[in-house]
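The block underneath contains the structure these notes are about, expressed in structure tokens.
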Amino acid sequence: MGFSIGDVVAVYGHKAHIRYVGPLPPNPFGKKQKVSQTGFGVEFSDRKLGDNDGSVDGKQYFKCKLGMGLFVTENRARPYDEKDCSATQLQAAWRSYRARQAFQDAAAFNFWNELDAFEEKDALVKNRDVGTPTLNTIKKQIHEQSMVDTLEETNERDQASYLAVPGTDANRGSAPPRSRRRSSTRRSFGRSSVDASSISAENIPDDYAGPRVKWPITREFCLDLVDHYRDNPDVPLPRKYALELIMAIADHYRETMKGAVVEVEIPKKGGSRLVLVGDTHGQLNDVLWIFYKFGPPSATNVYLFNGDIADRGRYAVEIFMMLFAFKLQCPSSVVINRGNHESADMNEVYGFAQEVRQKYGGFMYQKFQEVFHLLPLCVVMEKRVFVVHGGLCRKDNVTLQHIDRLNRQRPCPACPHSFEDTLMFDLLWSDPQHESGRGWSTRGADCIAFGPDITDAFLTKNNLEVCIRSHQVPTNLRGFEPVHDGRCVTLFSASNYCGTTGNFGGVIIFEANLSFEIQEYMAPSLEEIQMLHSETCAATQKVFLQTRIKYLEMQAKRQHRRTAAARMNEQIIEKICKMICEKKTDLWWCFFNMGAESGRVTPAQWREACANVLGRNFPWVYLMKRLHVVEEDGYVYYNEFLNRYRVEFRPPKCKHLNWRRECIARVFESIMSADLSLKETLMLFDRNCDGTVSFREFNELITELDVGMSLAVQEIRRISSFPLSRFCFHVSSTH
Numbered sequence: 004m005g006f007s008i009g010d011v012v013a014v015y016g017h018k019a020h021i022r023y024v025g026p027l028p029p030n031p032f033g034k035k036q037k038v039s040q041t042g043f044g045v046e047f048s049d050r051k052l053g054d055n056d057g058s059v060d061g062k063q064y065f066k067c068k069l070g071m072g073l074f075v076t077e078n079r080a081r082p083y084d085e086k087d088c089s090a091t092q093l094q095a096a097w098r099s100y101r102a103r104q105a106f107q108d109a110a111a112f113n114f115w116n117e118l119d120a121f122e123e124k125d126a127l128v129k130n131r132d133v134g135t136p137t138l139n140t141i142k143k144q145i146h147e148q149s150m151v152d153t154l155e156e157t158n159e160r161d162q163a164s165y166l167a168v169p170g171t172d173a174n175r176g177s178a179p180p181r182s183r184r185r186s187s188t189r190r191s192f193g194r195s196s197v198d199a200s201s202i203s204a205e206n207i208p209d210d211y212a213g214p215r216v217k218w219p220i221t222r223e224f225c226l227d228l229v230d231h232y233r234d235n236p237d238v239p240l241p242r243k244y245a246l247e248l249i250m251a252i253a254d255h256y257r258e259t260m261k262g263a264v265v266e267v268e269i270p271k272k273g274g275s276r277l278v279l280v281g282d283t284h285g286q287l288n289d290v291l292w293i294f295y296k297f298g299p300p301s302a303t304n305v306y307l308f309n310g311d312i313a314d315r316g317r318y319a320v321e322i323f324m325m326l327f328a329f330k331l332q333c334p335s336s337v338v339i340n341r342g343n344h345e346s347a348d349m350n351e352v353y354g355f356a357q358e359v360r361q362k363y364g365g366f367m368y369q370k371f372q373e374v375f376h377l378l379p380l381c382v383v384m385e386k387r388v389f390v391v392h393g394g395l396c397r398k399d400n401v402t403l404q405h406i407d408r409l410n411r412q413r414p415c416p417a418c419p420h421s422f423e424d425t426l427m428f429d430l431l432w433s434d435p436q437h438e439s440g441r442g443w444s445t446r447g448a449d450c451i452a453f454g455p456d457i458t459d460a461f462l463t464k465n466n467l468e469v470c471i472r473s474h475q476v477p478t479n480l481r482g483f484e485p486v487h488d489g490r491c492v493t494l495f496s497a498s499n500y501c502g503t504t505g506n507f508g509g510v511i512i513f514e515a516n517l518s519f520e521i522q523e524y525m526a527p528s529l530e531e532i533q534m535l536h537s538e539t540c541a542a543t544q545k546v547f548l549q550t551r552i553k554y555l556e557m558q559a560k561r562q563h564r565r566t567a568a569a570r571m572n573e574q575i576i577e578k579i580c581k582m583i584c585e586k587k588t589d590l591w592w593c594f595f596n597m598g599a600e601s602g603r604v605t606p607a608q609w610r611e612a613c614a615n616v617l618g619r620n621f622p623w624v625y626l627m628k629r630l631h632v633v634e635e636d637g638y639v640y641y642n643e644f645l646n647r648y649r650v651e652f653r654p655p656k657c658k659h660l661n662w663r664r665e666c667i668a669r670v671f672e673s674i675m676s677a678d679l680s681l682k683e684t685l686m687l688f689d690r691n692c693d694g695t696v697s698f699r700e701f702n703e704l705i706t707e708l709d710v711g712m713s714l715a716v717q718e719i720r721r722i723s724s725f726p727l728s729r730f731c732f733h734v735s736s737t738h
């Protein structure tokens with residue numbers, strides 16, 4: 004851009020004057036520059052926004068006040084415009100604010116993360132140095148006291164048996180046996196009065212309106228449970244039902260889980276997928292949001308939860324109940340990995356123990372621990388993806404066979420000394436690091452960190468492609484964070500972790516061919532999810548209603564079509580029958596000439612005769628089938644055919660169906676009883692001897708004969724006034 008000395012330009016949104024044009028001085032920005040690069044030396048007009056007085060390294064390029072001069076490349080100088088400068092300054096101020104905010108957020112998160120790691124380290128150290136030794140001492144005392152009590156019971160039984168022998172004097176003068184005092188230690192550590200049988204006998208509260216467990220578990224129950232927890236998160240499932248689910252899932256794991264490694268294959272059915280979920284830490288809104296966005300678990304929508312469901316959040320119990328229900332209904336729909344917080348030492352510190360005891364009591368807490376000990380330590384997807392909660396191990400040449408043979412049905416070791424304890428501890432607790440090799444994690448207390456070379460070695464050794472782990476909030480505050488050249492990915496699903504960090508949650512969705520996409524989200528609150536669900540249901544209902552309306556319209560249309568077609572067919576047959584009656588003589592003449600005296604014609608002759616007499620515009624092939632005129636021998640017997648159709652009088656408004664028969668019978672009876680000649684009888688009806696009987700003549704006869712019908716004149720008039728359409732053309736019922 005052609006500027007010369009003295010021109011007014013805008014540099015970084017501020018007004019400046021060009022004081023120098025030519026090659027830029029060496030290293031004006033503290034970094035390497037091309038010697039041949041040209042630019043400008045500018046003097047700012049109002050503020051000290053520069054870094055020199057026109058001289059660099061003792062060489063004077065132009066003169067200005069100190070702090071007012073600056074050397075810039077050609078593309079940094081633009082024609083001066085006051086509005087553009089104002090806009091640029093606003094943008095710069097906003098970017099500066101955002102940068103400071105991001106720095107403060109990152110600094111606060113790093114500090115919070117360090118404190119959280121310190122708390123976990125403190126919990127591990129206390130469990131290792133205090134908790135485990137104390138528990139071992141208590142167990143030892145209980146065991147020793149149990150041995151003493153057993154010995155005392157044995158001695159008492161022996162003594163009683165010895166004293167009971169008849170004919171001996173050994174008990175003479177002996178002191179009475181001393182009463183044995185039970186140890187207070189044994190009493191205090193005895194079995195709780197609450198057990199499975201007492202919980203199973205509990206009644207369901209009358210005010211409980213949520214889903215009720217019925218075996219076998221149905222999908223309807225699972226979905227109802229999701230709805231219940233969404234709408235009533237603070238109303239737990241009754242303890243009786245919760246115990247049934249926990250014991251059933253424990254039995255399921257005992258029957259189906261042999262090793263510590265689970266191999267998972269994504270269903271090959273079209274549209275199937277696997278949703279991989281990281282830490283949720285009791286944040287029910289995240290799990291409900293995931294189900295809302297990606298659908299609930301099913302045989303074709305598989306969920307893999309990578310541990311750390313327990314602790315920190317208020318609703319870990321509810322999350323476990325939903326997952327247990329779905330897994331019992333369809334075992335392949337849910338896979339749950341064990342995390343470092345599926346452990347009693349962490350649960351006592353981070354809230355899950357308190358949550359379970361508050362909702363269900365201590366016995367149920369122990370049942371949860373039993374289930375935790377049965378969970379797998381890692382998952383291998385499609386023999387290519389290694390999914391583990393923490394990370395890789397401090398030992399070299401570890402294989403999946405080593406992991407699979409671990410004794411997982413126990414608490415996580417507090418002091419990883421043996422090879423087996425070390426593998427289990429590292430799978431749950433280790434973290435990745437950028438440096439090669441292995442180091443100590445910031446979590447301390449025997450926790451290690453592994454570098455990219457460790458990841459490559461493990462994946463290569465086991466013919467795997469990538470390691471997906473969870474265990475920590477990504478440092479970028481995203482839902483995921485790839486490290487080690489993308490071969491190790493951290494996935495975290497608890498958005499706005501603990502309500503403070505402001506991080507996104509994420510899930511990875513795998514298709515059947517292991518193609519994948521990463522979805523990130525910031526889960527709304529439970530109240531917002533409830534509202535959104537209501538709105539979605541209303542919208543869905545509207546769509547369903549419109550679909551239903553269209554369906555009903557289509558059904559009505561089809562029905563009307565069928566009804567209309569049926570009515571038209573009936574009317575066609577009726578009209579054809581009417582035409583046959585009217586042209587019966589002509590039709591018989593045609594048939595007779597075609598079939599001579601045989602009384603039968605071929606179907607073709609029948610169609611030809613009907614076409615000649617009744618008209619050629621009618622579909623006689625179709626009518627021949629509808630009228631069933633062709634007999635089994637392939638001929639049409641025209642006499643029988645024509646005799647089917649005759650005129651009958653059927654007044655629809657006649658009060659008595661037998662009126663015609665009664666009327667004829669009574670008139671005939673009256674005439675016969677009068678003993679008239681034939682001529683006199685005919686004159687009764689045809690009084691004017693003109694060969695026809697008029698209405699007047701018929702009415703007079705009925706009145707005079709007084710046959711007892713009490714037929715009003717208007718009724719007779721109505722009968723005589725029936726149009727031709729009132730006369731029905733009867734088809735023999737045999738056809």
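In this note's numbering, the protein residues as written are 4 to 738. Backbone N, C-alpha and C define an ideal beta-carbon position, used for all residues, glycine too. Quantities reported herein were computed from a predicted structural model and do not represent experimental measurements.
Relative to the C-alpha of residue i, which candidate in the options has its C-alpha closest?
i	options	result
Leu-626	Leu-590, Glu-573, Gly-310 and Arg-603	Glu-573
Val-197	Tyr-368, Leu-277, Val-290 and Val-59	Tyr-368
Asp-589	Thr-137, Ile-576 and Glu-611	Glu-611
Met-571	Phe-297, Arg-629, Arg-481 and Asp-119	Arg-629
Leu-395	Phe-453, Lys-370, Lys-243 and Gln-357	Phe-453
Val-616	Val-632, Trp-592, His-631 and Glu-634	Trp-592
Asp-76	His-437, Pro-455, Asp-119 and Tyr-23	Reading off the sequence, residue 76 comes out as Thr, not Asp. Out of His-437, Pro-455, Asp-119 and Tyr-23, Tyr-23 has the C-alpha closest to the C-alpha of Thr-76.
Asn-235	Cys-580, Gly-213 and Leu-226	Gly-213
Met-324	Gly-442, Gly-365, Phe-47 and Asp-227	Asp-227
Pro-270	Glu-468, Pro-299, Ala-515 and Phe-366	Ala-515
Ser-439	Arg-397, Thr-478 and Ser-301	Arg-397
Asn-410	Ala-417, Thr-402 and Glu-423	Glu-423
Pro-299	Asp-311, Tyr-363, Gly-285 and Val-229	Val-229
Ala-111	Lys-553, Phe-701, Gly-505 and Val-238	Gly-505
Asn-78	Cys-418, Gly-5 and Ala-497	Gly-5
Under the three-state reduction of DSSP, which class applies to residue i: helix, strand or coil?
i	result
Thr-478	coil
Phe-483	strand
Ser-200	helix
Phe-192	No answer about Phe-192 holds up, because its pLDDT of 38 lies below 50 and its placement is not dependable.
Leu-331	helix
Lys-545	helix
Asn-642	helix
Glu-351	helix
Arg-215	coil
Tyr-256	helix
Gly-618	coil
Lys-66	coil
For residue i, I'd like the list of residues in its chain whose CB is within less than 8 Å of its CB, leaving aside the five on either flank, ordered along the chain.
i	result
Lys-3	What is shown of the chain runs 4 to 738, which leaves residue 3 out entirely.
Thr-91	Ala-13, Tyr-15 and Gly-16
What does residue i pair with, by DSSP beta-bridge criteria?
i	result
Asp-282	Phe-495
Pro-435	Phe-453
Lys-51	Lys-51 pairs with nothing; no bridge assigned.
Gln-522	Val-510
Val-390	Val-382 and Ile-471
Phe-308	Val-280 and Ile-339
Leu-73	Val-45
Val-267	Met-384
Less than 8 Å between CB atoms is the rule here; does residue i satisfy it with respect to chain D?
i	result
Phe-112	The question asks about chain D, but that chain is absent: this structure has only one protein chain.
Say the cut is 7 Å; is the CB of residue i nearer than that to a heavy atom of the ligand ZN?
i	result
Gly-53	Annotation note on the ligand ZN: not contained in the displayed structure, which lists no ligands.
Who are the near neighbours of residue i in its chain, counting only those whose CB is closer than 6 Å to its CB and skipping five residues on each side?
i	result
Asp-399	none
Phe-1	A query on residue 1 cannot be resolved here, the shown segment of the chain reaching from 4 to 738 and no further.
### Query
If you pair each beta-carbon of the region 447–454 with each one of the region 425–438, do three or more pairs fall below 8 Å?
Short answer: they touch.
### Message
When you compare the region 373–382 with the region 406–420, are there three or more beta-carbon pairs, one atom per stretch, that lie closer than 8 Å?
### Response
yes
### Query
Should the region 291–301 be called in touch with the region 254–272, which here means at least 3 C-beta pairs below 8 Å?
no
### Query
At a cut of 8 Å, does the region 337–352 reach the region 301–309 through at least three beta carbon pairs?
Yes, the region 337–352 is in contact with the region 301–309.
### Query
How do the region 466–478 and the region 277–294 stand: do at least 3 beta-carbon pairs fall below 8 Å, yes or no?
yes
### Query
Is it a yes or a no for the region 485–504 touching the region 453–464, going by three-plus beta-carbon pairs under 8 Å?
These segments touch.
### Query
Do the region 43–55 and the region 66–75 touch if we need at least three Cβ pairs shorter than 8 Å?
yes
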